[in-house]
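For reference, the structure discussed in these notes is given below.
In UniProt numbering, the protein residues as written are 1 to 162.
Right, dumping it as structure tokens:
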């Protein structure tokens with residue numbers, strides 16, 4: 001079923017007012033690493049603890065996020081413009097996105113950012129087609145609060161664009 005939605009300024013402004021955090025999602029497999037700056041990450045369950053991550057179709061990380069794949073959600077801290085900017089530019093899977101960035105290893109063996117406010121070590125358990133994006137469901141297997149700072153919060157002027 002297709003629903004036609006007008007993309008007018010008022011609707012775009014209303015959708016853009018939905019607040020979200022800023023996250024660096026990473027997955028390392030077969031010697032390659034994919035990362036993405038994400039703003040659409042949300043807790044999705046308590047038992048088991050889970051999150052949803054929304055990924056634009058065609059992003060390099062998309063092929064890394066199949067059922068059973070490991071990933072880490074790094075929660076960015078307010079004021080971390082430098083690290084957010086670093087990951088906002090995107091990286092091809094054959095480029096080391098962590099060059100110059102301090103990391104440690106999560107229980108799953110995946111790298112996480114030590115400057116993040118927290119990290120969530122997770123495994124992909126499902127996905128759902130959402131038009132131009134995919135909704136990735138991941139079960140959280142470990143994680144840690146790394147600092148007591150405030151998480152970065154993000155809104156957009158136009159809810160039809162990043």
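Glycine included, each C-beta is placed from N, C-alpha and C at the ideal position.
Non-local beta-carbon contacts of residue 92 in its own chain, meaning distances under 7 Å to residues more than five positions away in sequence, involve 60 in chain order. Counting along the chain, the unbroken beta strand (DSSP E) around residue 120 starts and ends at 118-130.
Annotation note: the region 6-64 contains the following uninterrupted alpha helix (DSSP H) runs of length 4 or greater, listed N- to C-terminal: 9-16.
When secondary structure is reduced to three states using DSSP, residue 88 falls in the helix class. Restricting attention to 37, 51 and 36, the CA atom closest to the CA of residue 43 is found in 51. Distance check between residue 114 and each of 108, 104 and 121 places 104 closest, using alpha-carbon atoms only.
In the DSSP assignment, residue 152 falls outside any beta strand (DSSP E) and carries neither an H nor an E. When DSSP reads this structure, residue 146 sits in no beta bridge, so it has no partner.
The straight-line gap separating the alpha-carbon atoms of residue 32 and residue 129 is approximately 25 Å. With a threshold of 16 other beta carbon atoms within 10 Å, residue 158 falls short and is exposed. Relative to the Cα of residue 156, the nearest Cα in the group 57, 40 and 28 belongs to 40. A direct Cα-Cα distance of roughly 23 Å separates residue 22 from residue 48. The region 123-137 makes no contact with the region 76-86: fewer than 3 CB pairs, one atom from each, lie closer than 8 Å.
Residue environment analysis places residue 162 among the exposed positions, since fewer than 16 neighbouring C-beta atoms fall within 10 angstroms of its C-beta.
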